[in-house]
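In terms of the UniProt record's numbering, the sequence shown opens at residue 1 and continues consecutively. C-beta: ideal position from N, C-alpha, C; glycine also.
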Amino acid sequence: MINDTPAWKALAEHAAEIKSTHLRELLADDARNSAMRTEQQGIYLDFSRQNATSKTLDLLFELAETAELKKKLQAIASGEHALRHESVAKAAAEGRNLRFLANVDPVDVARATSGLNPEETLVVVVSKTFTTAETMLNARTLRKWLVDDLTKKGSSEADAVSKHMVAASSAVPLVQEFGIDRANIFGFWDWVGGRYSVTSAVGILPLALQYGFDISEKFLAGAHAMDKHLLETPLRNNLPVIMGLLGVWNSSFLGHSSRALLPYSQALLRFAAHIQQVDMESNGKRVTLEGVDLPFQAGEVNFGEPGTNGQHSFYQLIHQGRVVPCDFLGFCESQNPVQLAGEPVSNHDELMSNFFAQPDALARGKSIEDLKAEGVPEKLQNHKLFPGNRPSISLLFKKLDAYSTGQLLALYEHRTVVQGAIWGINSFDQWGVELGKVLAKQVRTQLNASRTENAPVKGFNSATTSMLEAYLAYKA
């Protein structure tokens, strides 16, 4: 196991040294800071605000060699194993309205269909197996919505479905059985996990329908460029490898169990939610590939919100509560430049002022000495103390467009796979998703029996039985 290797043990010993060194001290070393910055693929990565030294990096790259990271990445690329894009090309989407529906909550169905004309609506059903309960219930609900309206206007039920519904799926027979025309099935390989499918028909079909092939090809080109970067760039200059190794360092050696994803771009509103699935479904594991219990911490709880919104909510905890490693994402160019007369800076520069300030505030903090120098009353000093020593990385892109969006999503997918390869876990299964589905099926059967036959609740533990009875007893 990887934790039995000399490389892992050396890092564990080194972590004890690092924990006693504050980032204020580390950031005083300009040579160190310079070595912890790199620009690749037009992306500027600064990881100097990590609790790490040049020795840390040397040991992490030794760990990568020990884990045969390069070999594992090449094996994945050769096939041995195997969002939203509202941020790009609004002009190309004029006249079209792209909406997403994933939650089985009927309120979300109402939101997704509100104001739409079924005659002018195309429904894209995305399901690899075409059996996922929530997805298929939503698909049947939308089919009924289409059929109920269009049959009143002279269309047959078959035409309503075949002309207004298409699918991205690998289960062709089930899609056809549903009523979707074979010519309207956009397939992809059955070994592609949903969370890694954004560059397959799953992501590209709605993207192309909304923005056209030119934008879609630029998105794919950006993702492909990051793929090549991962496989061809030496490890020490490899963006996803550096980020992945630092993730292992923070999680497994420094004991940080979460990570904040903080894009300073409102267009990336759902970025953190996307990476939650990519990373947590991939690396939220408790055993190795061989089925042995992991004897160390692995995987992070990912969360986030665009800046500056997050600064007025959970940044408080990050500054003065728990230590949460942060990823800051910024862009040199705004998608919607605004410069008001009389204002000292543009709206985008105001946004980016916070992007540059927050990592330093987290790293350096504010000491008692600083507070005394500011004349803060003694009784308030401990309240206003900022311990600092909060690690972060900063990623600076030139602009957010289709190409850089492809780069960004591929970068985080690869980072996830790098961490899984180091830990020796399977980043491509998701058994943890299955148990809840099985239990939900049992509950579904009970609800049907209770509502149609007045059957008593049975077969569950007392807590679930009591709550189910309360749910069934409720009368609107």
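Check                                                                                                         : Outcome
Proximity of P234 and V124 at Cβ, strictly below 7 Å                                                          : no
Alpha-carbon to alpha-carbon, L142 and D105                                                                   : 13 Å
Bridge partner(s) assigned by DSSP for C326                                                                   : A260 and S392
L411 and M226 closer than 7 Å at C-beta                                                                       : yes
Rounded separation between Q339 and F397 - CA only                                                            : 21 Å
Assigned exposure category for Y211 - 16 Cβ within 10 Å defines buried                                        : buried
Within the segment 225–272, ranges of the beta strand (DSSP E) (whole runs, at least 3 residues)              : 258–263
Spatial distance of L101 from F213 (CA atoms)                                                                 : 23 Å
Residue of H274, V175, S257 and L98 minimising C-alpha distance to A298                                       : S257
Assigned exposure category for M36 - 16 Cβ within 10 Å defines buried                                         : buried
Exposed unless 16 or more other CB atoms sit within 10 angstroms - verdict on D349                            : exposed
Environment of W189 [buried if 16+ CB atoms lie within 10 Å]                                                  : exposed
V161 versus A139: straight-line alpha-carbon distance, rounded                                                : 11 Å
Under 7 Å between C-beta atoms of P118 and L137                                                               : no
Under 7 Å between C-beta atoms of S48 and G222                                                                : no
F47, DSSP secondary structure in three states                                                                 : coil
Span of the alpha helix (DSSP H) around G436                                                                  : G432 to E453
Same chain, Cβ closer than 7 Å to E333, five either side skipped, listed in chain order                       : K398 and K399
Boundaries (first-last residue) of the alpha helix (DSSP H) holding M136                                      : A133 to L150
Distance between beta carbons of F328 and S251, contact taken as under 8 Å                                    : Contact flag wrong, Cβ pair sits at about 19 Å.
Spatially closest choice to H229 from Q41, D30, S427 and E17, by CA coordinates                               : Q41
Endpoints, the beta strand (DSSP E) within which T129 is located                                              : Counting along the chain, T129 falls outside any beta strand (DSSP E), and DSSP gives it neither H nor E.
Contacting residues, own chain, Cβ-Cβ under 6 Å from G179 (five flanking each side not counted)               : V161
Among R364, Q381 and L362, nearest to V371 - alpha-carbon criterion                                           : Residue identity differs from the one stated: residue 371 is Leu in this sequence, not Val. When only C-alpha atoms are compared, the closest one is Q381.
8 Å Cβ shell around L23 - same chain, five flanking residues per side excluded                                : R49, N51, A363, R364, G388, N389, R390 and P391
Straight-line gap, S197 to Y264 (C-alpha atoms, nearest Å)                                                    : 25 Å
Cβ separation of A167 and I185, assumed to be a contact under 8 Å, to the nearest whole Å                     : 5 Å
Within 7 Å, strictly: CB atoms of V172 and A260                                                               : no
Any non-hydrogen atom of the ligand COA closer than 6 Å to P344 Cβ                                            : The ligand COA is not part of the structure shown, which contains no ligands of any sort.
F460 - DSSP class collapsed to helix/strand/coil                                                              : coil
For N283 and T151, believed in contact at Cβ under 8 Å, the rounded distance                                  : At roughly 47 Å, the Cβ-Cβ gap does not stay under 8 Å, so T151 and N283 are not in contact.
C-beta atoms of K285 and A402 nearer than 7 Å                                                                 : no
Bounding residues of the alpha helix (DSSP H) (the contiguous stretch that carries F178)                      : V172 to F178
Neighbour-count burial assignment, M467, 16 or more Cβ in a 10 Å radius                                       : exposed
Other residues of its chain near S450: CB distance less than 6 Å, five sequence neighbours each side excluded : L472
Residue from Q442, T452, T445 and G420 with nearest C-alpha to I76                                            : G420
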